[in-house]
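Chemist: Below is the structure I would like to discuss, written out as structure tokens.
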Amino acid sequence: MTALPPNDDAPPVPAIASEGAAPKALFLHRGGFGQFEFLGKWLADQGWHVTFAMAGDGPDRQDGNVHIRHFRPRNLGLPRHDFRHPLDYAAVNCLGGAELMDRMLHDEGYHPDIVMAHVGWGVGLSVKQIWPRCRYIAYHEWYYGDWNWDKQRAELPADFTKMVGDRMRNLVIGGEFDLADDNWCPTRFQASRFPPKLRAQVRVISDGVDCEKHSPDPEARIDFDWVRLPRGRKVLTYATRGMEPLRGFPQFLRGLERLQRQRDDFDTVILANESVSYGQQLPPGDSWWLRMVAELELDHSRIHVNSMRPRAEYVKVLQASHAHVYFTEPFVTSWSLSEALAIGALIIGSNTAPVTEMVEDMENGIIVDMDDPDEIAEMIAWAFDNPDEAAALRQEARRRILDQHEAGKVFQQKRDLLTAMIGR
């Protein structure tokens, strides 16, 4: 898989002349730093003046070349399940972002060279109205709906409310294309969700992975205050934000049940919040963990579950893993997949497009049908029983990440694109 260099079909972006001793970059996000944190801080280390703007009531602050700004979140007039909610949500975020940007312009005389916004929440829709001469990049993750544009057919049945709600989401996303000077998307699969006319304007460029922070450690052990496993014990791992079907959590546990019946020489470590991040929410007090515990006969003495841990601990778990399961329905690819590959974890991945773009079966990981618990158990067992072959897959997994997604290379490419856009 080659995510870099950027999409050759994306149209060239004209440069502008930029004034000042160093370029100024503004990153807009509804929920925090998001995908921009590491790139922004890297640019700041290169001498750029970087500002992050996000919704919230926290104090504005400055740390060297990095400024943190907040715009006021507003109450919504419509509940989340209302099909009009995406437009309402985008409108209030657009207003909040516009108020902050207008204040930065008129009260502080701030003129950014580059503005980049996370698309879909409306935070960047007013950028060009405030700063007409800046260069604006729309960062896209997803185009909503169940229509496969390449196959010209619907993939899943949908009721009318969902279809209309998705159209409202896409109206907000489509509104970026007449504003943005460039459109970025992190994977080819995610870009493929866009209609062809919009897809032609999208540049596919990796988010990048810190391969120094996410690197192999053959001496790593599961040795924490909440779980300790003896050296030499086989370890199966699973890590995701929420326990949910979209990320294959029930399917993983069904495969685990089969494997536990067959052998007792391994333990399983699960890092996940007992919640649903993507997909239909469950009633209060219910969870997919509780449902699967009731459905399956699991040996809980060999399953160790905790919520998502601090990054250093999360990395240590993946370093100690003998097989790491990453499943997903066709949706946005998690950072955790590329991080696990960089660590050299042996991925047992679902046969879905987001995964197969990154993992080639028996070349840098193992691909299985995540709805087949017997195949899941069989291939995890293979990983346990064939350490030499598994080591070769691990090495190739890291090599490909270093070649195609290493943060230093990716960030340099992005910096070159940005400097060309502003005429530096």
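Take the position in the sequence shown, starting the count at 1, then add 2; the result is the number in my numbering.
All C-beta atoms, glycine included, are put in the ideal place defined by N, C-alpha and C.
If you're wondering where the values come from, they're calculated on a predicted model, not measured in any experiment.
1) Let me know if PRO188 comes out buried or exposed under the rule of 16 or more other beta-carbons within 10 Å of its beta-carbon.
2) Would GLN282 be called buried (16 or more neighbouring beta carbons within 10 Å of its own) or exposed?
3) Do GLY79 and ASP90 come within 8 Å of each other at the CB atom, strictly closer than that value?
4) Can you find the residues in the same chain that come closer than 6 Å, C-beta to C-beta, to ARG86, ignoring five residues on each side of it along the sequence?
5) In the DSSP output, what is CYS187 paired with across the bridge?
6) Do ALA55 and ILE116 count as a contact pair if the criterion is CB distance below 8 Å?
7) Tell whether a beta-carbon distance below 8 Å holds between LEU298 and HIS326.
8) Less than 8 Å separating the beta-carbons of ARG304 and THR270?
9) What is the rounded straight-line gap between the Cα of LEU273 and the Cα of TRP228?
10) With a threshold of 8 Å on Cβ separation, who are the neighbours of GLU39 within its own chain once the five nearest residues in sequence on each side are excluded?
11) Any idea what DSSP makes of GLU315, helix, strand or coil?
12) Check each candidate in VAL278, PHE226 and ILE424 and name the one with the smallest Cα separation from PRO247.
13) Strictly by DSSP, which residues pair up with HIS306?
14) Is the CB-CB distance between PHE191 and GLU331 below 8 Å?
15) Keeping to the same chain, check which residues put their C-beta closer than 8 Å to that of GLN397; ignore five residues upstream and five downstream.
16) Can you tell me whether GLN163 is buried or exposed, with buried defined as 16 or more other CB within 10 angstroms of its CB?
17) Residues in its own chain within less than 8 Å of ARG137 by CB, not counting five upstream and five downstream?
18) Quick check on the DSSP output: what are the complete alpha helix (DSSP H) runs of length 4 or more inside the segment 17-49, in order along the chain?
19) Do ALA399 and LEU343 have their beta-carbon atoms positioned less than 8 Å apart in this structure?
20) Give me the residue from ASP65, VAL121, PRO198 and TRP186 with the minimum Cα distance to ILE207.
21) Just how far apart, CA to CA, sit LEU97 and THR354?
22) Within the continuous beta strand (DSSP E) that includes HIS87, where are the two ends?
23) Taking buried to mean at least 16 other C-beta atoms within 10 Å of its own C-beta, is SER1 buried or exposed?
24) Assuming contact is defined by CB atoms lying nearer than 8 Å, are SER194 and ARG205 in contact in what I supplied?
25) Mapping the DSSP letters down to three states, classify ARG243 as helix, strand or coil.
26) Suppose only complete runs of 3+ residues qualify. What are the beta strand (DSSP E) ranges in the segment 362-402, listed by chain order?
27) Short of 6 Å in beta carbon distance, which residues of its chain neighbour PRO7, apart from the five on each side in sequence? Order them along the chain.
Modeler: On the basis of the coordinates in this document:
1) buried
2) exposed
3) yes
4) LEU80
5) VAL206
6) no
7) no
8) yes
9) 12 Å
10) PHE54
11) helix
12) VAL278
13) VAL271
14) no
15) GLY346
16) A small fix is needed here, since residue 163 is Thr in this sequence, not Gln. Flag for THR163 reads exposed.
17) VAL15, ILE18, ASP115, ILE116, VAL117, ASP183, ASP184, LEU420, MET423 and ILE424
18) 39-47
19) yes
20) TRP186
21) 38 Å
22) From DSSP, HIS87 is part of no beta strand (DSSP E) but of the alpha helix (DSSP H) over 87-110.
23) Nothing about residue 1 can be reported from this structure: the residues present for the chain run from 3 to 426 only.
24) no
25) strand
26) 368-370
27) Residue placement at PRO7 is flagged as unreliable, the pLDDT there being 40, under the threshold of 50; a coordinate-derived value is accordingly withheld.
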